[in-house]
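For reference, the structure is listed below as structure tokens.
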Amino acid sequence: MLNYNEPIVMGILNCTPDSFFDGSRKQTDEEILLRARQIVEEGGAIIDIGAFSTRPGAAEVSEEEELRRMEHALSIVRREYPDFPISIDTFRPSVARMAVEQYHADIINDVSEGKYPGIFEEVARLGVPYILMSVQPDMATMIECFEREVAELQRLGVNDIILDPGYGFGKEVIEGNYAVLRQQQELKRHFPTLPILAGVSRKRMVRHLFDCKANDREALDGTMLVNLVALQQGATILRVHDVKEAVNTIKVFKVISNY
137 MLNYNEPIVM GILNCTPDSF FDGSRKQTDE EILLRARQIV EEGGAIIDIG
187 AFSTRPGAAE VSEEEELRRM EHALSIVRRE YPDFPISIDT FRPSVARMAV
237 EQYHADIIND VSEGKYPGIF EEVARLGVPY ILMSVQPDMA TMIECFEREV
287 AELQRLGVND IILDPGYGFG KEVIEGNYAV LRQQQELKRH FPTLPILAGV
337 SRKRMVRHLF DCKANDREAL DGTMLVNLVA LQQGATILRV HDVKEAVNTI
387 KVFKVISNY
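Have a look at this one:
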């Protein structure tokens, strides 16, 4: 059972050929294993495995292909780390089911805000924590939707819910994303018992400010700054490509906040 009383880092492992940050694309056995080791050795608390790129313009991935990629990555990571917490980045019930039942995945990380048919019911049946990510454009609409969705999840028996404001999803690049960031504490006020995950790593909301590419140093520097603000605004999980830097950001936050 993960402890969300202190901030932790979720490291991204994308077993895809087309994620927006090419440094996160890991497909061969060796690449997947080395990335998992890097996340663990640099202080990550969760490995988040994705097999379906959600970047704008990414090619559609069939259910069969997502299952194949995910099972390939899981078999490698679980062989090396049989008990390490793993999150599955998917919106498909079949992928969630395979990951939990065959590889004992620990968390389902759903970027669809529960819109894919049957995902709520499948998570309830599997009995694992669930990350509910918003695709809404502003905080008011987000809270309104979260209230309905959390109530439905709890009605089904899902009580381990993590809220993700969904930076970069359904929001204006600068005005929308940073307005939500400024108001992120509102989620704590409305849902005081639910942890908050912030995923801003090298996203366009950061890159646009510095007119840089995902691989550029400025994208990492900006991510670290935004992550610090996200922590100050109530986040307890940072989902990142750069684990060591996020761990160091948490160290700074703890000193500043007398945590």
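The letter at position 42 of the sequence shown is residue 178 when you use this note's numbering, and the numbering goes up by one with no holes. Even for Gly, the Cβ is constructed at its ideal location relative to N, Cα and C. Just so it is clear, the structure is predicted and the values come from calculations on it, not from any experiment.
As assigned by DSSP and simplified to three states, the class of residue i
i             : result
aspartate 219 : coil
threonine 152 : coil
leucine 330   : coil
valine 264    : coil
lysine 390    : helix
arginine 375  : strand
glutamate 280 : helix
valine 213    : helix
valine 271    : coil
valine 145    : strand
threonine 385 : helix
Beta-carbon spacing of residue i, residue j below 8 Å
i                 : j                 : result
isoleucine 243    : isoleucine 224    : yes
alanine 366       : alanine 315       : no
valine 379        : isoleucine 185    : no
valine 309        : valine 336        : no
proline 273       : glycine 304       : no
tyrosine 252      : phenylalanine 227 : yes
phenylalanine 282 : phenylalanine 346 : no
leucine 169       : glutamate 200     : no
histidine 377     : arginine 338      : yes
phenylalanine 233 : glutamate 257     : Rather than phenylalanine, the amino acid found at residue 233 in this sequence is arginine. No, these two residues do not count as a Cβ contact at 8 Å.
glycine 263       : proline 229       : no
threonine 164     : phenylalanine 188 : no
leucine 330       : isoleucine 297    : yes
glycine 306       : valine 271        : yes
glycine 179       : valine 388        : no
isoleucine 183    : leucine 138       : no
Terminal residues of the alpha helix (DSSP H) in which residue i lies
i              : result
leucine 317    : 311 to 318
leucine 138    : Note, leucine 138: premise wrong, no alpha helix (DSSP H); not H, not E.
isoleucine 357 : Reading off the sequence shown, one finds aspartate at residue 357, where the question assumed isoleucine. That run of the alpha helix (DSSP H) goes 353 to 368.
valine 294     : Taken as a continuous stretch (DSSP letters only), valine 294 belongs to no alpha helix (DSSP H), as it is neither H nor E.
arginine 340   : 340 to 346
alanine 172    : 165 to 177
Residue interval of the beta strand (DSSP E) (run including residue i)
i             : result
aspartate 184 : 182 to 186
Whole-angstrom C-beta distance between residue j and residue i, which should lie under 8 Å
i              : j              : result
methionine 269 : glutamate 249  : 6 Å
isoleucine 373 : methionine 206 : Actually they are not in contact, since the Cβ atoms of isoleucine 373 and methionine 206 sit about 21 Å apart, beyond 8 Å.
valine 231     : leucine 203    : 6 Å
glutamine 320  : alanine 371    : 7 Å
proline 143    : isoleucine 386 : 5 Å
tyrosine 239   : arginine 261   : That belief does not hold up - the Cβ atoms of tyrosine 239 and arginine 261 are roughly 17 Å apart, past 8 Å.
Contact test: residue i Cβ vs the ligand NAP heavy atom, cutoff 7 Å
i            : result
tyrosine 217 : This structure lacks the ligand NAP, and indeed carries no ligand of any kind.
Any C-beta of chain D under 8 Å from that of residue i
i             : result
aspartate 378 : The structure shown contains no chain D, having only a single protein chain.
Extract the residue ranges of the beta strand (DSSP E) inside the stretch 221 to 253, only unbroken runs of 3 or more that lie entirely within it.
222 to 225, 243 to 246
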